Amino acid sequence: MVHQIEIKLPQYNRGFHIITHEILNKIGVLPTMGILHLFIKHTSAAITINENADPSVRVDFENSFNHLIKENEAFYTHTYEGSDDMPAHIKASLIGSSVTIPITNNKLNLGTWQGIYLCEFRNYGGNRKLVATIYS
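Per the numbering used here, residue 12 is the first one in the sequence shown, and the count goes up by one each step.
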């Protein structure tokens, strides 16, 4: 069986945000066994899985990505949407637009220290939409 819902996230500040509980609250009861596939419907934000315990990890992610992919580079030609837009597209492409997580015993089968991240790369990205597809 396949179940699919669209999730509208509230606006988040630029940075890396754990959204695991928010996703679970929107999805509801999970099947005994299956797969959750999450897809973000944007080109300047991404979704990934990483450390969920120490908040400094998310700060280090933000600082590292900003160091690697800078704003206002002279070689950018896509500039009319703001200085944060082209770097946001590049960052989103590097991280990706989807994650797949196994479901076991009605729970996401994540590691002890793993959480689902929304990676918001725009200063004012607005609400973000995800498509959650559950295969059981």
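We put the beta carbon where it would ideally sit given N, CA and C, even for glycine. All figures in this text were calculated on a predicted structure; none of them were measured in a lab.
Identify the residues that DSSP records as bridge partners of residue i: which are they?
i: residue 146; result: 13, 46
i: residue 125; result: 62
i: residue 41; result: Paired residues: none, contrary to the question.
i: residue 51; result: 141
May I ask which residues mark the beginning and end of the alpha helix (DSSP H) holding residue i?
i: residue 58; result: Unbroken run through residue 58 is the beta strand (DSSP E), 56-62; no alpha helix (DSSP H).
i: residue 110; result: Counting along the chain, residue 110 falls outside any alpha helix (DSSP H), though it belongs to the beta strand (DSSP E) covering 109-115.
i: residue 69; result: 67-79
i: residue 104; result: 96-106
Suppose contacts are defined by Cβ-Cβ distances below 8 Å. Is residue i in contact with residue j by that definition?
i: residue 106; j: residue 29; result: no
i: residue 5; j: residue 46; result: This structure gives no information on residue 5, because the portion of the chain shown stretches from 12 to 147.
i: residue 121; j: residue 60; result: yes
i: residue 104; j: residue 58; result: no
i: residue 129; j: residue 20; result: yes
Could you tell me if residue i is buried or exposed, where buried requires 16 or more neighbouring beta carbons within 10 angstroms of its beta carbon?
i: residue 131; result: buried
i: residue 53; result: buried
i: residue 44; result: exposed
Taking the straight line between their C-alpha atoms, what separation do you get for residue i and residue j?
i: residue 85; j: residue 102; result: 18 Å
i: residue 16; j: residue 70; result: 30 Å
i: residue 136; j: residue 38; result: 23 Å
i: residue 78; j: residue 42; result: 41 Å
i: residue 89; j: residue 111; result: 31 Å
i: residue 99; j: residue 116; result: 37 Å
i: residue 67; j: residue 22; result: 21 Å
i: residue 119; j: residue 32; result: 11 Å
i: residue 134; j: residue 64; result: 25 Å
Give the range of the beta strand (DSSP E) segment to which residue i is assigned.
i: residue 150; result: The question about residue 150 has no answer, for the chain in this structure spans 12 to 147.
Determine whether the Cβ of residue i lies closer than 8 Å to any Cβ atom of chain B.
i: residue 31; result: You won't find chain B in this structure, because it holds only one protein chain.
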